[in-house]
Structures are given as C-alpha cells and as structure tokens.
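Asks: In the numbering used here, the protein residues as written are -4 to 334. Don't be surprised by glycine CBs; every beta carbon is placed ideally from N, CA and C.
1) Taking the CB atoms as reference points, tell me whether residue 295 and residue 154 lie closer together than 8 Å.
2) Can you check which of these residues, 41, 50, 210, 77, is closest to residue 14 by C-alpha distance?
3) Among 10, 9, 42, 32, whose alpha-carbon lies nearest the alpha-carbon of residue 17?
4) Nearest-angstrom Cα distance between residue 43 and residue 51?
5) In three-state terms, what does DSSP make of residue 256?
6) Is the beta carbon of residue 321 less than 8 Å from the beta carbon of residue 108?
7) Can you give the Cα-Cα distance for residue 279 and residue 299, rounded to whole angstroms?
8) Let me know the secondary structure DSSP gives residue 133 once reduced to three states.
9) Would you check if there are 3 or more beta carbon pairs closer than 8 Å linking the segment 145 to 160 to the segment 302 to 315?
10) Between which two residues does the beta strand (DSSP E) holding residue 365 run?
11) In chain order, what residues of the same chain have a beta carbon less than 6 Å from the beta carbon of residue 130, not counting five sequence neighbours either side?
12) Could you give the distance in angstroms between the alpha-carbon of residue 53 and the alpha-carbon of residue 60?
13) For residue 177 versus residue 171, is the C-beta distance shorter than 8 Å?
14) Output the boundary residues of the alpha helix (DSSP H) element that contains residue 155.
15) Enumerate in chain order the residues of its own chain whose CB-to-CB distance from residue 326 is below 7 Å, with the five nearest sequence positions on each side excluded.
16) Can you check which of these residues, 197, 58, 74, 100, is closest to residue 37 by C-alpha distance?
17) Starting from the Cα of residue 58, find the closest Cα among 75, 45, 254 and give me that residue.
18) Would the beta-carbon of residue 179 fall within 8 Å of that of residue 247?
19) Since residue 317 and residue 285 are thought to touch, with beta carbons under 8 Å apart, how far apart are those beta carbons, to the nearest angstrom?
20) State the start and end residues of the unbroken alpha helix (DSSP H) segment that holds residue 295.
21) Would you mind reading off the limits of the beta strand (DSSP E) that contains residue 336?
22) Going by C-alpha distance, which of 132, 202, 64, 79 is nearest residue 23?
23) Decide yes or no for the touch test of the segment 253 to 271 against the segment 189 to 196: beta carbon pairs closer than 8 Å, at least 3 of them.
What follows is the structure, encoded as structure tokens:
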C-alpha cells in the first residue's frame, strides 16, 4: 500500500495510512493503538476522530473491514486506515483583520475586539471570528471532526474584548476541549477578566458560587437559578474610583454571561451592560463629566478577557498571554482616576 504524499493532501485526496502492530501491543484497544501512532499524530488525527473513522468503515485489518473501535489487537496484524479529505467549512472565509497574539501549526490565539461575533448564528451569518479564521488559516486547518473549520472551545460575548484560543487541528481541538472542560481543576488553565463595575464592594475579594440558568421570563438572558448549572467566579478589587471599581475576575466555570450575571447578583453590575446593569444608568450622574461622557458612549459592557494561560495540547509547554485594556476601557480608566 503506497504512503500518502504531500501532493495528495494538497489536492484534497483520500489518505491511506498503513500500520504494523507489534507483538507487545496484544490486548490494546484498536482506537487507542492508532491514536498513539506517529503516523496518526502527524496527520493530526485525534482518538475521537479515529474512532469515528473506524465506525464509518474506514479501517481494515488484513484487508477485512473492522468497525469496532474497542476491538482488541492480538499483535502482528497489518492495519490500513483510509482518511477522507476534510470537507470544506460551511461558513465562508472572509478577509477580516485579526490581532494574532500567537499561532503555530496546532492553534491560534486572538485578541478579539469588542463588536466581533465569534460564531455564525441567526442574525450574524457573516463577519464573524470563525469566518475570519477560515480565511486566515486556509489550508493549515486539517479538519475538526472531518470539516475544515477552526475549533473554538470557549467563547466571548460579542461586546466583550480580549483573548481567545482556537484549534487548527482535530487533535488540538480534543486537547483544548478537555482542558476547558476541566476548568483548571486538575489541568493548567488560567482565565482572568477585568471588569468595571458600579459601586465599591465592601470586601476586597470574594467568591461567588451561584448556579446559572435561563431567565424564567426573558429567554435571551441568563440568571442565578436554583436549577441552573453550577457556576463559580473568584473576584478581587483592583482599583476604586468612588462609585466605580475595577475588579479582576477568575473563572472556575464557564457559563454563558457568567461574570455579568454574577457581579449583578452581588449588586455590582458591569458598567455599560444593557442586559444586567440597565437599572444603574442613573449613577452616571455621579461621575465627573469626562468619565460620564465615556460611559455614555461606551456602547458595550466594560469587560475584557485580559489573561489566558494554558498547557499546549501538542507540546505540553505552558503558555501565558496578557492583553492590555483596549482603547475605550483604557480611556475610561484614566478618566475615572482623575475623579
């Protein structure tokens, strides 16, 4: 069986991978054995992807198809795995300028501006971060689940700025997904956000443990709910400016609108938050004119994903990225410091 060539990959042709099972691999699961082979690693195939290929009939042992990923090897077999070309991504690539903080063959870290939607959805089919990543990464996307698309494992709200990581390969996507599902409990993950909130908390730091679910009356909003999903936010005051404070929030979970909901829950909603802080608009009267004008013209919640640290899923290297406050929030901070 011929080995796949670089020309095959460039033309998007099916790749054929051949393996010889050593005798000491007797008793090992088929999908596990394949996932640990250098050939599969070089092809950016995760164990999840390999299992799907086996179940789809793409694996043969001695020329006979085997569709059970849990099949136990006996040693000495010859395996062949057919890997179809990744299908084109459903969203189209668009030439949108990105602030790239880090990129290699496995993943890409972006400093997202406020106003950029992450995923195509109803009302935002184009002009999203995913559209931009498809255009930027091009052929370097090896396929997430068999489709040439970036693997976004965590999201930022449209009007939240800051750091976000996306996988370029199936194996990196699997590793990052496992990392973010762990939320830093056992695996290395750091996510810190800077938020400008109304009011000065009485304590300098604290932990909010309150489950979050859909709002009972307003389905587009989230709320603290007894039957919601567990959510934990660690917060500490960084700076105080009278009726406003800059807090640093560290996430232990990753629920939708978590920081926005939790800070509003303890009586300190984010400045500019139209969903959870609308009732605090009158407090702008207490600000000095320069700060008041900046708050009124902000047009978004004052939230920035400032720090992102994680263990690289392929190399094991610990990476740490920090993003300064964007221009609108930096200007707000300076105006508040002058009060």
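Replies: Answer, in terms of the structure:
1) Position 300 of the chain shown, counted from the first residue, corresponds to residue 295. Position 159 of the chain shown, counted from the first residue, corresponds to residue 154. Yes, Cβ-Cβ distance for residue 295 and residue 154 is below 8 Å.
2) In the chain shown, the residue the question calls residue 14 occupies position 19. The shortest C-alpha separation from residue 14 is found at 77.
3) If you number the chain shown from 1, residue 17 lands on position 22. Residue 17 has its Cα closest to that of 32, out of 10, 9, 42, 32.
4) By one-based count along the chain shown, residue 43 stands at place 48. By one-based count along the chain shown, residue 51 stands at place 56. Straight-line Cα distance between these residues: approximately 12 Å.
5) Counting from one through the chain shown, the residue named residue 256 turns up at place 261. If DSSP states are grouped into helix, strand and coil, residue 256 belongs with the helices.
6) For the purposes of this step, residue 321 is taken as residue 326 along the chain shown, with counting starting at 1. For the purposes of this step, residue 108 is taken as residue 113 along the chain shown, with counting starting at 1. Yes, these two residues count as a Cβ contact at 8 Å.
7) The sequence position of residue 279 within the chain shown is 284, counting from 1. The sequence position of residue 299 within the chain shown is 304, counting from 1. Going from the Cα of residue 279 to the Cα of residue 299 covers about 21 Å.
8) For the purposes of this step, residue 133 is identified with residue 138 of the chain shown, where counting begins at 1. Here residue 133 sits in helix by DSSP.
9) yes
10) For residue 365 there is no data in the structure shown, the boundaries of the chain being -4 and 334.
11) Against the chain shown, residue 130 aligns to sequence position 135. Once the five neighbours on either side are set aside, the close Cβ partners of residue 130 are 88, 89, 90.
12) Position 58 of the chain shown, counting from 1, holds the residue named residue 53. Position 65 of the chain shown, counting from 1, holds the residue named residue 60. Distance between the alpha carbons of residue 53 and residue 60 is about 7 Å.
13) Here the question's residue 177 lines up with position 182 in the chain shown. Here the question's residue 171 lines up with position 176 in the chain shown. Cβ distance not < 8 Å, so residue 177 and residue 171 don't count as in contact.
14) Taking the chain shown and counting its residues from 1, one reaches residue 155 at position 160. Taken as a continuous stretch (DSSP letters only), residue 155 belongs to no alpha helix (DSSP H), as it is neither H nor E.
15) Counted from its first residue, the chain shown places residue 326 at position 331. Contacts found: 289.
16) The sequence position of residue 37 within the chain shown is 42, counting from 1. Ranking the options by Cα distance to residue 37, first place goes to 100.
17) For the purposes of this step, residue 58 is taken as the residue at position 63 of the chain shown. Here the closest residue by C-alpha is 75.
18) Counted from its first residue, the chain shown places residue 179 at position 184. Counted from its first residue, the chain shown places residue 247 at position 252. Going by C-beta atoms, residue 179 is nearer than 8 Å to residue 247.
19) Here the question's residue 317 lines up with position 322 in the chain shown. Here the question's residue 285 lines up with position 290 in the chain shown. Between residue 285 and residue 317 the Cβ distance is about 27 Å, and since that is not below 8 Å, they are no contact.
20) Walking along the chain shown from the start, residue 295 turns up at place 300. Residue 295 -> no alpha helix (DSSP H), and no H or E assigned at all.
21) Nothing about residue 336 can be read from this structure; the chain reaches only from -4 to 334.
22) Along the chain shown, one-based indexing puts residue 23 at 28. Taking only the C-alpha atoms, the option nearest residue 23 is 64.
23) yes
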